[in-house]
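S.K.: If you read the sequences in order, they're chains A and B. Per the numbering used here: the first sequence = residues 1 to 355. Per the numbering used here: the second sequence = residues 356 to 889. Can you read through this structure? Questions will come right after.
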Amino acid sequence: MFSKLVFAGFTRCALGALALLASSSGVSLAQEAELNLYSARHYATDEALYADFTRATGIRINRVDADDAGILSRLKAEGSSSPADVILLVDTARLWKGEVEGLFKPIHSKLLEKAIPEHLRARTRTEGTSWFGFSTRARVIVYDKSRVKPEDVDSYEKLALPVNKNKLCARSGSHPYNLSLFGSMLEHLGAPATEVWLKELVGNMARTPKGGDTDQIKAVGSGECGIALANSYYVARLLRSGAQQDQALMQRVGVIFPNQASWGTHMNIAGGAVAQYAKHPANAQKFLEYLASPSAQSYFADGNNEWPVVKGVQINNPALQAMGGVNFKTDPLPASFIGMNQIKVQQMLDRVGFR
Amino acid sequence: MRLISLLRLLVIVLLALPVLMVLAAWLQWNDGSADILLGMASTVLPSYVVSSLGLCFWVAIGVISMGSVSAAAVTLFDFKGRRSLEWALLLPLAMPAYVVAYAYSDFLQFSGPLQTALRALFGWQGALWPDVRSLWGAAAVLSFALYPYVYLLVRAALVERAPQLMEAARLLGADLPRRIFRVALPLARPAIAAGTALALMETLADFGVSSYFGVTTFSTGIYKAWLVMDDRVAAAQLATFLLLLVALMLRLEQKAQARLRFASQRSMGRGAESQPLQLRGWPAALVLLLCGMPVLLGFVLPLLIMAHALWVHSQSMWIDWLTFSVWMGNSLYLGLLTAVLAVGMALSLAFSQRVHPGVWQRLSTQAVGLGYAVPGVIIVVGLLLPIGWLQKTWPQSQAGYWLTATILGLVWAYLVRFIAVALQAVQTGYTRIPISTDEASRTLGVFRTALFTRVHWPLLQRSTAAALLLVLVDVMKELPATLVLRPFNTDTLAVMAYQLARDERLGEAALPSLALVLVGLLPVMLLSRTLRKT
Chain A
1 MFSKLVFAGF TRCALGALAL LASSSGVSLA QEAELNLYSA RHYATDEALY ADFTRATGIR
61 INRVDADDAG ILSRLKAEGS SSPADVILLV DTARLWKGEV EGLFKPIHSK LLEKAIPEHL
121 RARTRTEGTS WFGFSTRARV IVYDKSRVKP EDVDSYEKLA LPVNKNKLCA RSGSHPYNLS
181 LFGSMLEHLG APATEVWLKE LVGNMARTPK GGDTDQIKAV GSGECGIALA NSYYVARLLR
241 SGAQQDQALM QRVGVIFPNQ ASWGTHMNIA GGAVAQYAKH PANAQKFLEY LASPSAQSYF
301 ADGNNEWPVV KGVQINNPAL QAMGGVNFKT DPLPASFIGM NQIKVQQMLD RVGFR
Chain B
356 MRLISLLRLL VIVLLALPVL MVLAAWLQWN DGSADILLGM ASTVLPSYVV SSLGLCFWVA
416 IGVISMGSVS AAAVTLFDFK GRRSLEWALL LPLAMPAYVV AYAYSDFLQF SGPLQTALRA
476 LFGWQGALWP DVRSLWGAAA VLSFALYPYV YLLVRAALVE RAPQLMEAAR LLGADLPRRI
536 FRVALPLARP AIAAGTALAL METLADFGVS SYFGVTTFST GIYKAWLVMD DRVAAAQLAT
596 FLLLLVALML RLEQKAQARL RFASQRSMGR GAESQPLQLR GWPAALVLLL CGMPVLLGFV
656 LPLLIMAHAL WVHSQSMWID WLTFSVWMGN SLYLGLLTAV LAVGMALSLA FSQRVHPGVW
716 QRLSTQAVGL GYAVPGVIIV VGLLLPIGWL QKTWPQSQAG YWLTATILGL VWAYLVRFIA
776 VALQAVQTGY TRIPISTDEA SRTLGVFRTA LFTRVHWPLL QRSTAAALLL VLVDVMKELP
836 ATLVLRPFNT DTLAVMAYQL ARDERLGEAA LPSLALVLVG LLPVMLLSRT LRKT
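Below is the structure:
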């Protein structure tokens, strides 16, 4: 009985696999009204963003969501046979890496070059621009209002002050968000001073790095940590959360946009590019241009609590406003510096014992 | 027969290829990766090794004690609630370890609902207990998730002969402790070894739980070298050390099995009069409590925590049931397909090793099984490297396209990763068929294919069913390869649970996680039914 079942199951699976192969191998080799998207974005409002594009243009979107590193290595292996048209990534350094490894196809788009500030996209060369930022997130400092003075934490450098001993919490130093911030510090402070700074951060920690950014904010809200580094959209999400528990936690949490007196707050870029071997390059460019449209930009701002890159886009996000994040000075450091510093930063982290 | 051997060779090559690519990384030795390796060796590597070994040690203690005690309890004794426990003990199998990790840390952490409520209620200050996100926490979570492997194999080993032998020992005047340690334990030892080996291989390959808990293991080093330093060669070289450790473990386990072959030399008779020992009163309560703990902590409690998180967030959430059922369908489809393929291959490999027990057969089977202990991401690298090379040198092959635009690459990765599970189950099944059965069959003129279909297959059906269901559940929970290699529009429950949790939306992640657990329950129930029927 069992053997019959297994045999029947086997045949069915084999047939099913063939059918799936046959159907999926038809995906998108021909120039059709569709677009193949590899995305490292993983946010709730993205669905609506894509649906709007399809509604406006009639172009259907096929999608694979994965993490940045996975997408880059998949692209590398697929080479010229890659079905991808558009790549969306959520970290400055990875965007830079995709560019230098030749995974993106540079494009000429008057619209994008005009709409997106120069430090939020790849350098424009004769063959075009290889990637564009579409939204940014600030790496902010959150602190416990009851036991930390804001003037002790108003810059990244001050996190290393002795007064902040046993107060600091952070996620793993090897997470892209931290690596990019530390990469920018390396550019501003120089290597020796950055290493000393990182060592002092480790000395100030209230606990070993663990969990994600939300965990750090909650740890501040509950009094376990005094200070934490977090991406702005996690802070905004907790501020907007309907859960009573989150509301209570956030009562205690203050938010600082660091380095207003010097080079500005570190911003991480989420951006996109046309894939080097795109089979639907025209659709791909159309999609990127759509991402810079006012309606798409307000999805980033109002839906996912990010900052739009296009000037003049109205922000109707109470949390961003409550955080004081409408007008602040941002660090204009180009992505290439941050990208190039990654390995050096990781080696420093290993030396100073920043987990 | 020739064709079958050729196919088998092809399968071995395909399954071993990603792992071999890892070893081949040493041929690409260059200054850049040497610099990274030396840098890590002089700073963080020693501590990674220490915490990996520590984690393995505690997980071994955890799975052996929970798995074998519970298996022994439900086979050697009879007590109230035994029949329910028999299948309930398998439930944690349906629970992905990372879901348990998310659930416990969210619930028990300093800022979690329990501590916050207790502090508010009693006015207490500070942390009320040590942080779950630690080496201890990781060891506990992994033990809860992995002990069913030991339980499953030990129970299968005991259920066939232990009651009769224990009865015989009792008639010869041995007291209970002596019967357990001198009769049951030796019977169960190969199974304990096999189950623990599986659990430890998973532990070594784990990245999800330990990274979330901030426990920096050897896998952390591999991930860092690859993802942060962007040096796949260095990552692969580090992975080689992991492979060596696993190869050593497999060797030890096989030695243990070989020494205990005597247990299989007798044919299995089942005396109708031999009954498990009846327990009443406090011994029964104690046994019930002991066996109930793993189910409670490894399944019921995390399930309740997730359900609670879902409830808290359900007001502000809109659930698209259609999309949801598509994720479920994808999970089941990929799981079933891989399970059938994996079991077919495992049967073929194990049979070939049985009839031609040569060095080559043994080595090739071992090489194929190594994939289980390699972190999923490394398998992805090992798979992408040769395909990328093929695509570059022969673009017309469209190799890269076939790998990811279809499910071929994904199923390949699953097989590399989980063939070991199927192999373990099938091989354990084989150890229970005495060699003398084969010899007798041969003298009766039954050879080759007939030996398999007429003699082995009827005796292996239960192990095969176990293998099938274990692989199915494992594939549904698999993450790194699914994330990177799946074709367009093929989201699964595991992928969605991870994406939402990665975005730190635990409330929303609870829904696909719960569904994953519920879908995983079905095979687990079937598994326990198959095991019950003799």
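Note that CB positions come from ideal geometry on N, CA and C, so glycine has one too.
What residue range does the beta strand (DSSP E) around R841/B cover?
M.R.: Unbroken run through R841/B: none, as it is neither H nor E.
S.K.: List, from N- to C-terminal side, the alpha helix (DSSP H) runs of 4 residues or more that fit wholly inside the segment 53 to 105 of chain A.
M.R.: Fully enclosed alpha helix (DSSP H) runs of 4 or longer: 68 to 78, 92 to 100.
S.K.: So which residues of chain B does R351/A contact, with C-beta pairs closer than 7 Å?
M.R.: Correct list: T398.
S.K.: Helix, strand or coil for N268/A, going by three-state DSSP, please let me know.
M.R.: If DSSP states are grouped into helix, strand and coil, N268/A belongs with the strands.
S.K.: Determine whether the beta carbon atoms of F328/A and G271/A lie at a separation below 9 Å.
M.R.: No, the pair does not count as a contact, with Cβ atoms beyond the cut-off.
S.K.: Give the single residue among G478/B, L490/B, N385/B, V496/B whose Cα lies nearest to the Cα of M421/B.
M.R.: The shortest C-alpha separation from M421/B is found at V496/B.
S.K.: With distances taken Cα to Cα, identify the nearest neighbour of A493/B among G467/B, T572/B, R857/B.
M.R.: Ranking G467/B, T572/B, R857/B by Cα distance to A493/B puts T572/B first.
S.K.: List, from N- to C-terminal side, the beta strand (DSSP E) runs of 3 residues or more that fit wholly inside the segment 398 to 449 of chain B.
M.R.: With a minimum length of 3 residues, no continuous beta strand (DSSP E) run stays inside the segment 398 to 449 of chain B.
S.K.: Closest Cβ-Cβ distance between H811/B and chain A: below 9 Å?
M.R.: Cβ-Cβ to chain A under 9 Å: no for H811/B.
S.K.: Whose C-alpha, out of G653/B, V735/B, A449/B, A539/B, is nearest the C-alpha of A594/B?
M.R.: The shortest Cα separation from A594/B among G653/B, V735/B, A449/B, A539/B belongs to V735/B.
S.K.: What I want to know is whether the C-beta of A640/B ends up closer than 8 Å to one or more non-hydrogen atoms of the ligand MG.
M.R.: Because no ligand of any kind appears in the structure shown, any question about the ligand MG cannot be addressed here.
S.K.: Take G569/B and list the residues in its own chain whose beta-carbon comes closer than 8 Å to its own, dropping the five residues that flank it on each side.
M.R.: The answer, listed in chain order, is R488, S489.
S.K.: Helix, strand or coil, according to DSSP, for V667/B in the structure here?
M.R.: V667/B falls in the helix class under three-state DSSP.
S.K.: Counting only beta-carbon separations shorter than 9 Å, does L179/A have a partner in chain B?
M.R.: Interface residue, yes.
S.K.: For Y143/A, list the residues DSSP reports as bridge partners.
M.R.: Answer is I227/A, G254/A, bridged to Y143/A.
S.K.: Less than 8 Å between the CB atoms is what I'm expecting for L463/B and L469/B, so what's the real figure, rounded?
M.R.: Contact flag correct, Cβ pair sits at about 6 Å.
S.K.: Determine the DSSP secondary structure at I315/A, reduced to helix, strand or coil.
M.R.: Here I315/A sits in coil by DSSP.
S.K.: So N36/A is in the alpha helix (DSSP H); what residue range does that whole segment cover?
M.R.: Premise fails: N36/A lies in the beta strand (DSSP E), 34 to 39, not in any alpha helix (DSSP H).
S.K.: Flag this pair as yes or no: are the beta carbons of L49/A and G303/A separated by less than 9 Å?
M.R.: It is a contact, given that the beta carbons lie within the stated cut-off.
S.K.: Quick check on this structure: which residue in D793/B, P401/B, F562/B has the alpha carbon closest to the alpha carbon of G731/B?
M.R.: G731/B has its Cα closest to that of F562/B, out of D793/B, P401/B, F562/B.
S.K.: Any contact between the segment 106 to 122 of chain A and the segment 156 to 164 of chain A? By contact I mean 3 or more CB pairs, one from each, below 8 Å.
M.R.: At 8 Å Cβ cutoff, the stretches do not touch.
S.K.: Here's the rule I'm using: 16 or more other beta-carbon atoms within 10 Å means buried, otherwise exposed. How should T804/B be labelled?
M.R.: Exposed, by the Cβ-count rule.
S.K.: In chain order, what residues of the same chain have a beta carbon less than 8 Å from the beta carbon of M831/B, not counting five sequence neighbours either side?
M.R.: Result list for M831/B: S686, L687, L689, G690, T847, L848, A849, L871, V874, G875, in chain order.
S.K.: Judging by CA-CA distance, which residue of W666/B, Y727/B, T430/B, S498/B is the nearest neighbour of V601/B?
M.R.: If we check each option's Cα against that of V601/B, Y727/B comes out closest.
S.K.: Going by DSSP, which residues form a beta bridge with P308/A?
M.R.: DSSP, once it has assigned bridges, lists S135/A as partnering P308/A.
S.K.: Under a CB-based cut-off of 9 Å, is V64/A close to chain B?
M.R.: With 9 Å as the cut-off, V64/A counts as an interface residue toward chain B.
S.K.: Candidates G133/A, N317/A, L89/A, D246/A: which alpha carbon is nearest S293/A's?
M.R.: If we check each option's Cα against that of S293/A, G133/A comes out closest.
S.K.: Where do the N-terminal and C-terminal ends of the alpha helix (DSSP H) with S184/A fall, by residue?
M.R.: Here the alpha helix (DSSP H) through S184/A covers 176 to 189.
S.K.: Should R884/B go down as buried or exposed, given a rule of 16 or more other Cβ atoms within 10 Å for buried?
M.R.: R884/B is exposed by the Cβ-count criterion.
S.K.: For A722/B and Y756/B, what's the separation of their Cα atoms in angstroms?
M.R.: For A722/B and Y756/B, the distance between alpha carbons rounds to 27 Å.
S.K.: Which residues, in order along the segment 759 to 774 of chain B, keep a beta-carbon less than 7 Å from a beta-carbon of chain A?
M.R.: Listed by position along the chain: T759, A760, T761, I762.
S.K.: Helix, strand or coil for I734/B, going by three-state DSSP, please let me know.
M.R.: I734/B falls in the helix class under three-state DSSP.
S.K.: Ignore the nearest five residues each way along the sequence and tell me which others in L665/B's own chain have a CB closer than 8 Å to its CB.
M.R.: So the list reads G862, A865, L866, L869, once near-sequence residues are dropped.
S.K.: I believe V429/B touches R510/B by the beta-carbon criterion, under 8 Å. Please report the beta-carbon distance rounded to the nearest angstrom.
M.R.: Contact holds; Cβ gap of about 7 Å.
S.K.: Residues of chain A with a CB under 9 Å from the CB of P750/B: which are they?
M.R.: The contacting residues are G79, S80, S81.
S.K.: Report the neighbours of R884/B on chain A: residues whose CB is nearer than 8 Å to its CB, in chain order.
M.R.: Going along chain A, no residue has its Cβ under 8 Å from R884/B, so there is no contact; the nearest lies around 12 Å.
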